[in-house]
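K.L.:
Counting in UniProt numbering, the sequence shown runs from 1 upward without gaps.
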Amino acid sequence: MQTPWYKQFWPWFLIALPSAAVIASFSTLYIAANNAPNMVIDDYYKEGKAINLELAREKHAAELGIALKVLIAQSESGDVELRVSHQGTVPATLGALRIHLYHPTISDRDIHQLLTADANGDYRTSIDGSFDGKWRLSIESLTDDWRLQKTFTYPNETQIALIP
């Protein structure tokens with residue numbers, strides 16, 4: 001007497017292969033829906049034309065003679081402290097600064113802060129959470145007329161010179 005089909009190995013093996021593909025496709029769909037990339041820009045032409053403005057801001061920083069040094073240190077509480085100081089002559093119009101730290105792949109980790117100078121002329125801020133890895137640092141004026149930027153990797157680089 002022959003055993004019924006559902007008690008044999010080969011029918012279940014043949015059913016398992018397409019079932020695994022269906023399960024994998026649903027898993028891929030779930031991952032794609034929850035981790036959608038946000039790096040695509042709608043208006044490529046507008047962004048391409050804006051590159052000239054971005055280069056003009058860095059050129060203006062060079063004309064003003066702005067050079068900054070950023071020191072990054074781990075505090076006792078576990079936070080990361082950034083100290084921005086001047087190198088060379090200090091323009092009188094420097095004022096408050098905007099600092100942007102962009103993570104290359106996870107936009108939720110991007111950091112944007114406004115810094116004001118202390119009595120020594122240094123700018124300080126504290127950043128909560130994990131800070132390891134590659135970052136793009138951008139420091140600009142409140143009036144958006146100049147900007148300095150550089151890519152660095154923490155903790156390999158703890159002193160960053162921003163020279164136009």
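Built from N, CA and C at the ideal position, the CB exists for glycine as well. Note that this is a predicted model, so its numbers are computed, not measured.
1) Going by the DSSP bridge assignment, what does residue 218 pair with across the sheet?
2) Provide the residue span of the beta strand (DSSP E) that contains Ala-33, from first to last.
3) If we ignore side chains and look at the alpha-carbon of each, how far apart do Thr-151 and Lys-134 end up?
4) Could you tell me which residues DSSP puts in a beta bridge with Lys-150?
5) So what does DSSP say about Ser-85, is it helix, strand or coil?
6) Nearest by alpha-carbon distance to His-86: which of Trp-12, Asn-120, Asp-144 is it?
7) Taking buried to mean at least 16 other C-beta atoms within 10 Å of its own C-beta, is Pro-101 buried or exposed?
8) On the DSSP bridge assignment, give the partners of Tyr-123 in chain order.
9) Please state if the CB of Pro-155 and the CB of Ala-62 are separated by a distance shorter than 7 angstroms.
10) Determine whether the beta carbon atoms of Thr-125 and Leu-115 lie at a separation below 7 angstroms.
11) Could you please give the first and the last residue of the uninterrupted beta strand (DSSP E) stretch that includes Gln-159?
12) Please report how far the alpha carbon of Tyr-130 lies from the alpha carbon of Ser-19, in whole angstroms.
P.N.:
By the coordinates alone:
1) Because the chain here runs from 1 to 164, residue 218 falls outside it and cannot be looked at.
2) The residue you call residue 33 lines up with position 33 of the sequence shown. Where Ala-33 is concerned, there is no enclosing beta strand (DSSP E), although the alpha helix (DSSP H) it sits in stretches over 9-34.
3) To locate residue 151, count along the sequence shown from 1; it is residue 151. To locate residue 134, count along the sequence shown from 1; it is residue 134. The straight-line gap separating the alpha-carbon atoms of Thr-151 and Lys-134 is approximately 7 angstroms.
4) The residue you call residue 150 lines up with position 150 of the sequence shown. DSSP output for Lys-150 lists Leu-137 as bridge partner(s).
5) Stepping through the sequence shown from its first residue, residue 85 is reached at position 85. DSSP places Ser-85 in strand when its eight states are reduced to three.
6) For this step, residue 86 is matched to residue 86 along the sequence shown. Out of Trp-12, Asn-120, Asp-144, Asn-120 has the C-alpha closest to the C-alpha of His-86.
7) Residue mapping note: residue 101 aligns to position 101 of the sequence shown, counting from 1. Reading the sequence as shown, one finds Leu at residue 101 and not Pro. Buried, by the Cβ-count rule.
8) The count along the sequence shown starts at 1 and reaches residue 123 at position 123. Looking at the DSSP assignment, Tyr-123 forms a beta bridge with Val-84, Ala-117.
9) Locating residue 62 in the sequence shown gives position 62, counting from the first residue. Locating residue 155 in the sequence shown gives position 155, counting from the first residue. No, they are not a contact pair.
10) Position 125 of the sequence shown, counted from the start, is the residue given in the question as residue 125. Position 115 of the sequence shown, counted from the start, is the residue given in the question as residue 115. Yes, Cβ-Cβ distance for Thr-125 and Leu-115 is below 7 angstroms.
11) In the sequence shown, residue 159 corresponds to position 159, counting from 1. Element bounds for Gln-159: 159-162.
12) Numbered from 1 along the sequence shown, position 130 holds the residue referred to as residue 130. Numbered from 1 along the sequence shown, position 19 holds the residue referred to as residue 19. The question names Tyr, but residue 130 in the sequence shown is Ser. Approximately 40 angstroms, taken between the alpha carbons.
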